[in-house]
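Asker:
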DNA sequence: AAGTGGTCTAGACCACATT
DNA sequence: ATGTGGTCTAGACCACTTA
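Chains as they are written, first to last, in this note's numbering: chain A, 1 to 229; chain B, 1001 to 1229.
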């Protein structure tokens, strides 16, 4: 029974999923599986390694490979740029800059991003529309110490998101999702009622240990973030 | 310069992140990189493959490997069992069954899960507490055709989640997150005010193409789901 | 002390997409 | 037709963990 690593992985997955190897089972070692499937150990290793990455099995040297008791449930979300998200739905994208202000970083922001006293930031409020309907309210703070160029950038035509991707393409981020009630101003922008439940994403971004930006994205009522796993 | 695949990956990542290889750049091919780093091509392949999985580069046969224009933003969330999530915070976990009813599946549920006319389901409402405080309201529907055993199970002591993990350990799922306003009954259970903005997760689960369960998880006010990427 | 997975090597063949 | 990544092989050595 010759097998490439995909077929092998699929076969092992079947044995686990269908209960032939129930949770807790110790799987045969790599050498034995290589013999059973007439392939090299490296091939078995690749298949098993990927199953481990997916959370289906747990591997330990000397202890061997076991089927996980509680399957590790993990989901992957892709986080597109708003423009792409909207255009992917076949809707027309429109952007508007609502407010733009250079100021001292408020205390909560300095704490969150680890900025020093008297740090200057650029505060932007922007709207993103899909087919003319409010889609997302973007409340963004950019660390001017890390990105002095931002002070000279005009965000009237292009959103800060796309500007930032150009300026700092690769970075580390912490993201979180929550629900919040719309305050009156947000409600006006998103054409909803004050107190409406909105989905919010927050993201803090760093590059080389230096804080770049913090943003709150408040979505239209009824927004859902979906994935499969 | 000898290198294991981790060191190699880190070095390549640095060149990308620091702008030595800006977005769009065509990277050297695997053979050349293997020569530069004095290692086997398989080692280069592993490093590059992982960078591709992370969305940093894009690989095509014959075309070579390029730095992605827009970094693929994707985040991974682990989806723990409520009990584990609560106990991981150092809080005491308590579970309570609120309601339990066997009934015909309502139309919206049949549509969502693809059930036939007259399908029977078990409807459960449960509460999960952390240190005595309401943490999560679980509104669950189980397809009795797929899991007849559920009818005989007593969910008074153990939550359906843990029972299901035993009965159907590995499955496919679709999950989505959204915000909703608390209805009066939900508000009573979660000790909040009707209309409060709550974070909700919904999950539909299948096993071998057959619908198993649909669940709505409404979280305490202020709940945040966080990750890094 | 011994068994397991983790990784590397050198070579090979193949599939694919571009030229 | 050609160059690139994708994968497999057979062998080797090592690192970690448990018995």
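All C-beta atoms, glycine included, are put in the ideal place defined by N, C-alpha and C.
A quick note: this is a predicted structure, and the numbers were derived from the prediction, not measured.
1) Just confirm the distance between the C-beta atoms of residue 1099 of chain B and residue 1124 of chain B, as a whole number of angstroms; I'd bet it's less than 8 Å.
2) Are any of the Cβ atoms in chain B nearer than 8 Å to that of residue 227 of chain A?
3) Within its chain, find whatever has a CB closer than 6 Å to the CB of residue 1003 of chain B; leave out the 5 residues flanking it on each side and keep chain order.
4) Cα separation between residue 90 of chain A and residue 132 of chain A?
5) What did DSSP end up calling residue 168 of chain A once you bin it into helix, strand or coil?
6) My parser needs the alpha helix (DSSP H) runs of 4 or more residues fully inside the segment 39-68 of chain A; what are they?
7) List, from N- to C-terminal side, the alpha helix (DSSP H) runs of 4 residues or more that fit wholly inside the segment 170-218 of chain A.
8) For residue 1051 of chain B, is the beta carbon positioned less than 7 Å from some heavy atom of the ligand FMN?
9) Which residues bound the beta strand (DSSP E) around residue 1130 of chain B?
10) In chain A, what lies closer than 8 Å to residue 1072 of chain B by C-beta?
11) Let's test the definition: count the other Cβ atoms within 10 Å of the Cβ of residue 1022 of chain B and tell me whether it reaches 16, buried, or not, exposed.
12) Rounded to a whole number of angstroms, what is the C-alpha to C-alpha distance between residue 269 of chain A and residue 1077 of chain B?
13) Kindly identify the DSSP beta-bridge partner or partners of residue 143 of chain A.
14) Spatial neighbours of residue 197 of chain A within its chain, please: C-beta separation below 7 Å, excluding the five flanking residues on both sides.
15) Compare the beta carbon distance of residue 1204 of chain B and residue 1113 of chain B with 8 Å and say whether it is the shorter of the two.
16) Mapping DSSP to helix, strand and coil, what is residue 155 of chain A?
17) Ends of the beta strand (DSSP E) at residue 96 of chain A?
18) Assuming the contact rule is C-beta atoms closer than 8 Å, residue 213 of chain A and residue 164 of chain A should be a hit. Round their C-beta distance to whole Å, please.
19) Give, in chain order, every residue of the segment 1153-1185 of chain B whose Cβ lies closer than 9 Å to some Cβ of chain A.
20) If we count the other Cβ atoms within 10 Å of its Cβ and call it buried at 16 or more, is residue 1031 of chain B buried or exposed?
21) With 16 other CB atoms within 10 Å as the buried threshold, where does residue 1111 of chain B fall?
22) Three-state secondary structure (DSSP) at residue 1005 of chain B?
23) Do residue 1061 of chain B and residue 1026 of chain B count as a contact pair if the criterion is CB distance below 8 Å?
24) Could you check the C-alpha separation between residue 1057 of chain B and residue 1127 of chain B for me, to the nearest Å?
25) So is residue 1020 of chain B buried or exposed if we call it buried at 16+ other beta carbons inside 10 Å?
26) I'd like to know whether the C-beta atoms of residue 167 of chain A and residue 154 of chain A end up nearer to each other than 8 Å.
27) Given residue 1172 of chain B, which residues of its chain have a CB within under 8 Å of its CB, disregarding the five upstream and five downstream residues?
28) Along chain B, which residues have their Cβ under 9 Å away from the Cβ of residue 17 of chain A?
29) State the DSSP-derived secondary structure class of residue 1075 of chain B, mapped to helix, strand or coil.
30) Look at the alpha carbon of residue 169 of chain A and the alpha carbon of residue 80 of chain A, and state the distance between them as a whole number of angstroms.
31) Check whether the Cβ atoms of residue 72 of chain A and residue 12 of chain A lie closer than 8 Å to each other.
32) With burial defined as no fewer than 16 other Cβ atoms inside 10 Å of the residue's Cβ, what is the status of residue 1141 of chain B: buried or exposed?
33) Could you tell me which of B/1103, B/1130 and B/1134 sits nearest to residue 1250 of chain B, measuring between CA atoms?
34) According to the Cβ coordinates, are residue 1075 of chain B and residue 86 of chain A closer than 8 Å?
Answerer: So, to answer that:
1) As a working note, residue 1099 of chain B is residue 99 in the second chain. As a working note, residue 1124 of chain B is residue 124 in the second chain. Their Cβ separation, rounded to whole angstroms, is 7 Å, which keeps residue 1099 of chain B and residue 1124 of chain B in contact under 8 Å.
2) Your numbering for residue 227 of chain A matches position 227 in the first chain. Interface residue, yes.
3) Taking the first residue of the second chain as position 1, residue 1003 of chain B is located at position 3. Cβ within range, chain order: 1037 and 1039.
4) Residue numbering aside, residue 90 of chain A sits at position 90 when the first chain is read from its first letter. Residue numbering aside, residue 132 of chain A sits at position 132 when the first chain is read from its first letter. Distance between the alpha carbons of residue 90 of chain A and residue 132 of chain A: 13 Å.
5) As a position in the first chain, residue 168 of chain A is number 168, starting the count at 1. In this structure, residue 168 of chain A counts as coil in the three-state DSSP scheme.
6) 41-53
7) 184-190
8) Annotation note on the ligand FMN: not contained in the displayed structure, which lists no ligands.
9) Locating residue 1130 of chain B in the second chain gives position 130, where the first residue counts as 1. Its beta strand (DSSP E) spans residues 1120-1130.
10) Taking the first residue of the second chain as 1, we reach residue 1072 of chain B at position 72. Under the 8 Å cutoff, chain A gives 78.
11) Translated into positions along the second chain, residue 1022 of chain B becomes position 22. So residue 1022 of chain B counts as exposed.
12) Missing from the structure shown is residue 269 of chain A; chain A here goes from 1 to 229 and no further.
13) As a first step, residue 143 of chain A must be located in the first chain, where it is residue number 143. In the DSSP output, where bridge partners are listed per residue, residue 143 of chain A has A/121.
14) The sequence position of residue 197 of chain A within the first chain is 197, counting from 1. Within the same chain, residue 197 of chain A has close Cβ partners 179 and 181.
15) Position 204 of the second chain, counted from the first residue, corresponds to residue 1204 of chain B. Position 113 of the second chain, counted from the first residue, corresponds to residue 1113 of chain B. Yes, these two residues count as a Cβ contact at 8 Å.
16) Counted from its first residue, the first chain places residue 155 of chain A at position 155. Three-state result, residue 155 of chain A: coil.
17) Stepping through the first chain from its first residue, residue 96 of chain A is reached at position 96. Here the beta strand (DSSP E) through residue 96 of chain A covers 93-104.
18) Looking up residue 213 of chain A in the first chain gives position 213. Looking up residue 164 of chain A in the first chain gives position 164. So it is a contact: roughly 6 Å between Cβ atoms.
19) 1162, 1165, 1166, 1169, 1170, 1171, 1172, 1173, 1174, 1175, 1176, 1177, 1178, 1179, 1180, 1181 and 1182
20) Here residue 1031 of chain B is taken as the residue at index 31 of the second chain, counted from 1. Looking at its Cβ environment, which holds fewer than 16 other Cβ atoms inside 10 Å, residue 1031 of chain B is exposed.
21) Counting from 1 along the second chain, the entry for residue 1111 of chain B is found at position 111. Per the 10 Å Cβ criterion, exposed.
22) Within the second chain, numbered from 1, the residue matching residue 1005 of chain B stands at position 5. Helix.
23) Taking the first residue of the second chain as 1, we reach residue 1026 of chain B at position 26. Taking the first residue of the second chain as 1, we reach residue 1061 of chain B at position 61. No; because the gap between Cβ atoms is not below 8 Å, this pair is not in contact.
24) The count along the second chain starts at 1 and reaches residue 1057 of chain B at position 57. The count along the second chain starts at 1 and reaches residue 1127 of chain B at position 127. About 45 Å.
25) Counting from 1 along the second chain, the entry for residue 1020 of chain B is found at position 20. Residue 1020 of chain B comes out exposed.
26) As a position in the first chain, residue 167 of chain A is number 167, starting the count at 1. As a position in the first chain, residue 154 of chain A is number 154, starting the count at 1. It is not a contact, given that the beta carbons lie outside the stated cut-off.
27) Counting from 1 along the second chain, the entry for residue 1172 of chain B is found at position 172. 1205, 1206 and 1207.
28) In the first chain, residue 17 of chain A corresponds to position 17, counting from 1. Under the 9 Å cutoff, chain B gives 1169, 1170, 1171, 1207 and 1208.
29) Residue numbering aside, residue 1075 of chain B sits at position 75 when the second chain is read from its first letter. Correct three-state label for residue 1075 of chain B: strand.
30) Position 169 of the first chain, counted from the start, is the residue given in the question as residue 169 of chain A. Position 80 of the first chain, counted from the start, is the residue given in the question as residue 80 of chain A. If you take the alpha carbons of residue 169 of chain A and residue 80 of chain A, they lie about 14 Å apart.
31) Working through the first chain from its first residue, we reach residue 72 of chain A at position 72. Working through the first chain from its first residue, we reach residue 12 of chain A at position 12. No; because the gap between Cβ atoms is not below 8 Å, this pair is not in contact.
32) For the purposes of this step, residue 1141 of chain B is taken as the residue at position 141 of the second chain. That one is buried.
33) One cannot answer for residue 1250 of chain B here, as it falls past the ends of chain B, which runs 1001 to 1229.
34) As a first step, residue 1075 of chain B must be located in the second chain, where it is residue number 75. As a first step, residue 86 of chain A must be located in the first chain, where it is residue number 86. No, the pair does not count as a contact, with Cβ atoms beyond the cut-off.
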